[in-house]
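Residue numbers (the working numbering): 1 to 100.
No residue lacks a Cβ here, since even glycine has one placed at the ideal position from N, Cα and C.
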């Protein structure tokens, strides 16, 4: 028995295909549409592809920022726990904000 879902929200598609967007940075629209049609029995327009891609990229960028913040915190922890050791973390400064 198959169910045909006429609509699949971009939030649902983002949650379902986020790992694939991470692994395949250049995932083309045709591959996305075919995967949605096969997995969800739903048609995805090019606009749904673009909105889903945008949401996935926002999540990926946010995760990267969090990971780099953890890295900075780890360096501070190393300096406190190993007094006298040197920790070098190369970054660029944009005003008062550290960029990785």
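Proximal residues to residue i (C-beta, below 8 Å), its chain only, five neighbours per side dropped
{"i": "residue 16", "result": "39, 40"}
{"i": "residue 55", "result": "10, 11, 14"}
{"i": "residue 7", "result": "42"}
{"i": "residue 37", "result": "43, 44"}
Beta-carbon proximity list for residue i, same chain, < 6 Å, skipping 5 on both sides
{"i": "residue 18", "result": "56"}
Per-residue DSSP class, three states only, for residue i
{"i": "residue 15", "result": "helix"}
{"i": "residue 36", "result": "helix"}
Cβ-based neighbour list, residue i, same chain, cut-off 7 Å, excluding 5 preceding and 5 following
{"i": "residue 45", "result": "none"}
Residue closest to residue i, alpha-carbon to alpha-carbon, out of the options
{"i": "residue 90", "options": "75, 81, 82, 28", "result": "75"}
Beta-carbon separation (whole angstroms), residue i vs residue j, contact threshold 8 Å
{"i": "residue 70", "j": "residue 22", "result": "Actually they do not touch by this definition, with Cβ atoms about 18 Å apart."}
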